[in-house]
Amino acid sequence: MRPLSSTWVTVILGALAVANAEQGNNWEQNPIGSDDATSQELVSFEPCNDFPEYCELPIDWSVWLGATGSGSSSIEKGLTLKDGEWIESVGDATSLSRTQTRTVTSMLNDGIRLLKVDLCSNHGEPAHVCFSDGENIGYGATLKSFLRDSFQFLKDQPHQALVLHLEENPMNSVDIRQVEKVIDDVCAELSNRTAGVFWFEAGQCPWIYTKKEISTPLPTMGELVGFDPEMAQWEGDGELVGVRSQLIVTHSQEFIRPYGYKSNYMSQPFWQTTHGVSQDISQVKAQLKKLCSKATAIEVEVSIAEVLSDCVDNGKCADAGTMDALNDALYSRQGCNIETMSNYARIAAISTSFYHTKLEQIKGIQRKLLQLNEKKLSAIKLSHQQPGNSKPKNQASHHDEL
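If you use mature numbering (1 follows the signal peptide of the UniProt record, and there is no 0), the sequence shown corresponds to residues -21 to -1, 1 to 381, in order.
Here is the structure:
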């Protein structure tokens, strides 16, 4: 396995809540809350994750929209640890364990392109999507089902790029070999019924991108998804054939490779993670301020902490608080202060719980950040054309998380 060379950093903004218990009972809410707009009005499936004008940005200079606990809408039962074994909870723990209310297909249709999942396997069962709050685990759909939906999206929508990040392994019961076996099974099903794709061979899923040479730079979004905006794009009357979208699979330290096993699909995460950082907003902003002074790509994650007393049973209040926290962290002098941050520092992803209630606002931030990142990269390229100039030594710094 070859590592990807750039660095993302996850900053968990858990100071404010984004959902209450009632949100957990409405599984397919409108993607942006009470508004009547649909996800199709916000996403048109244009090349390069709906931004063809930014196809020339490297993948670590693009801006990815992420979903924390992707797949947790499928949670069907709660498990609790008793006498060293995970047993089914007597009470309903599922509402406490969900961080999303949209299916994976709905999330991808909404424009989510960074899927962050936790995996569990209880008593030798196949790997399942799960989510843990520390004492309880919500147990959901199988990983195979989750991947089937994800791969079907890649087949149906050309020139799209996804990142699947395996975040937590709360039972310590799923390893890389198990995950890659499921990937092979799902990819074989899809390959053998897709026109223009060779008969599948194990370990060679054509929809998965893995950086092979550490010395080569990360691809641009256009290179990754096979789209060149300068070339004419021909539309025929027949079915789209072949592989036209790509998936990058990464994982945290919680997922290990069995001794002697060589991974076929896993890429080293191209971000550092401060998962578990203090949920005090002032400390989060201080941490983000440090990160924004470095030559790195940064992921900002807004996750659940506790429900504020004045926001109980008031979803709009909780949503507004979340967006206030995000904007405060990004723009305040105590936080990132993105207007004055280093040219080499950039926000490359925004991930959130219950994203659908604030999708329109988050996509607005995404577009502004894309514009800013393109401006920064253009300035860097221009400076490199000047005699005697070179990039900082830490621009390509890389954190080995595996």
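The beta-carbon is built from N, C-alpha and C at its ideal position, and this holds for glycine as well.
Using alpha carbons as the reference points, say which of the options lies closest to residue i.
{"i": "Asn115", "options": "Met150, Arg236 and Ala308", "result": "Met150"}
{"i": "Gly63", "options": "Leu226, Glu35 and His102", "result": "His102"}
{"i": "Ser76", "options": "Phe110, Gly343, Glu32 and Ala276", "result": "Phe110"}
{"i": "Gly48", "options": "Ser170, Asp112 and Ser362", "result": "Asp112"}
{"i": "Leu351", "options": "Glu339, Gln365 and Thr319", "result": "Thr319"}
{"i": "Glu55", "options": "Leu87, Val108 and Asp29", "result": "Val108"}
{"i": "Tyr118", "options": "Asp135, Ile235 and Ser51", "result": "Ser51"}
{"i": "Pro185", "options": "Ser152, Trp43, Leu226 and Asp128", "result": "Leu226"}
{"i": "Glu25", "options": "Asp135, Leu60, Ser68 and Gln183", "result": "Asp135"}
{"i": "Val153", "options": "Gly182, Lys347, Ala106 and Ser129", "result": "Ala106"}
{"i": "Asn243", "options": "Leu267, Val263, Phe206 and Lys191", "result": "Lys191"}
{"i": "Glu104", "options": "Leu93, Trp250 and Ala120", "result": "Ala120"}
{"i": "Trp250", "options": "Val22, Cys27, Leu98 and Trp43", "result": "Trp43"}
{"i": "residue 391", "options": "Leu169, Cys27 and Pro37", "result": "The structure shown does not extend to residue 391, since the chain spans only -21 to 381, so no value can be given for it."}
Output the distance between the C-alpha atoms of residue i and residue j, rounded to the nearest integer angstrom.
{"i": "Lys337", "j": "Cys166", "result": "33 Å"}
{"i": "Thr84", "j": "Gly90", "result": "10 Å"}
{"i": "Gly201", "j": "Ser231", "result": "27 Å"}
{"i": "Asp39", "j": "Leu197", "result": "8 Å"}
{"i": "Lys273", "j": "Ala265", "result": "14 Å"}
{"i": "Gln345", "j": "Glu35", "result": "16 Å"}
{"i": "Ile11", "j": "Phe333", "result": "Unreliable placement is indicated for Ile11, whose pLDDT of 33 sits below 50; the coordinate value is still reported in the next sentence. Each residue's alpha carbon lies about 10 Å from the other."}
{"i": "Tyr238", "j": "Ser357", "result": "45 Å"}
{"i": "Cys315", "j": "Met86", "result": "28 Å"}
{"i": "Thr275", "j": "Ile66", "result": "42 Å"}
{"i": "Gly343", "j": "Asp29", "result": "13 Å"}
{"i": "Ser362", "j": "Glu233", "result": "40 Å"}
{"i": "Ser261", "j": "Gln247", "result": "30 Å"}
{"i": "Ala174", "j": "Thr78", "result": "37 Å"}
{"i": "Leu93", "j": "Ile193", "result": "23 Å"}
{"i": "Gln183", "j": "Glu168", "result": "13 Å"}
{"i": "Asn128", "j": "Phe206", "result": "First, the amino acid is wrong: residue 128 is Asp here, not Asn. Computed Cα separation, rounded: 23 Å."}
Within 10 Å of its beta-carbon, does residue i have 16 or more other beta-carbons around it, so buried, or fewer, so exposed?
{"i": "Gly45", "result": "buried"}
{"i": "Thr229", "result": "buried"}
{"i": "Arg172", "result": "exposed"}
{"i": "Arg312", "result": "exposed"}
{"i": "His144", "result": "buried"}
{"i": "Leu58", "result": "buried"}
{"i": "Thr199", "result": "buried"}
{"i": "Ser321", "result": "exposed"}
{"i": "Glu180", "result": "exposed"}
{"i": "Lys269", "result": "exposed"}
{"i": "Phe130", "result": "buried"}
{"i": "Glu280", "result": "buried"}
{"i": "Pro366", "result": "exposed"}
{"i": "Glu147", "result": "buried"}
{"i": "Leu348", "result": "buried"}
{"i": "Val69", "result": "exposed"}
{"i": "Leu98", "result": "buried"}
{"i": "Phe177", "result": "exposed"}
{"i": "Asn88", "result": "buried"}
{"i": "Thr331", "result": "buried"}
{"i": "Ala304", "result": "buried"}
{"i": "Leu267", "result": "buried"}
{"i": "Ser23", "result": "exposed"}
Indicate the three-state DSSP secondary structure (helix, strand or coil) for residue i in the structure shown.
{"i": "Cys184", "result": "coil"}
{"i": "Asn352", "result": "helix"}
{"i": "Tyr33", "result": "helix"}
{"i": "Leu197", "result": "coil"}
{"i": "Ser129", "result": "helix"}
{"i": "Met86", "result": "helix"}
{"i": "Ala274", "result": "coil"}
{"i": "Val286", "result": "Caution applies to Val286, whose pLDDT of 38 falls short of 50 and renders its modelled position unreliable; the value that the coordinates give is listed next. Coil at Val286, not helix or strand."}
{"i": "Lys160", "result": "helix"}
{"i": "Gln266", "result": "helix"}
{"i": "His144", "result": "strand"}
{"i": "Val228", "result": "strand"}
{"i": "His107", "result": "strand"}
{"i": "Met150", "result": "coil"}
{"i": "Lys360", "result": "helix"}
{"i": "Glu1", "result": "Its pLDDT being 36, under 50, Glu1 is placed unreliably by the model, and nothing is read from it."}
{"i": "Lys56", "result": "strand"}
{"i": "Lys347", "result": "helix"}
{"i": "Glu318", "result": "coil"}
To the nearest whole angstrom, what separates the beta carbons of residue i and residue j, a pair I think is in contact under 8 Å?
{"i": "Val96", "j": "Phe125", "result": "7 Å"}
{"i": "Ser224", "j": "Pro137", "result": "6 Å"}
{"i": "Ile162", "j": "Tyr240", "result": "With a Cβ gap of about 14 Å, Ile162 and Tyr240 do not count as contacting."}
{"i": "residue 392", "j": "Leu122", "result": "Look at the range of the chain in this structure, -21 to 381, and you will see that residue 392 is not part of it."}
{"i": "Val222", "j": "Gln139", "result": "No, Val222 and Gln139 are not in contact; Cβ-Cβ is about 12 Å, not under 8 Å."}
{"i": "Ile277", "j": "Ala308", "result": "Not really, about 11 Å apart at Cβ, beyond 8 Å."}
{"i": "Arg325", "j": "Lys360", "result": "Not a contact, Cβ separation roughly 14 Å."}
{"i": "His335", "j": "Thr82", "result": "His335 to Thr82, Cβ: 11 Å. No contact."}
{"i": "Tyr33", "j": "Glu353", "result": "6 Å"}
{"i": "Ile329", "j": "Ile317", "result": "Going by Cβ atoms, the distance from Ile329 to Ile317 rounds to 12 Å, so no, they are not a contact pair."}
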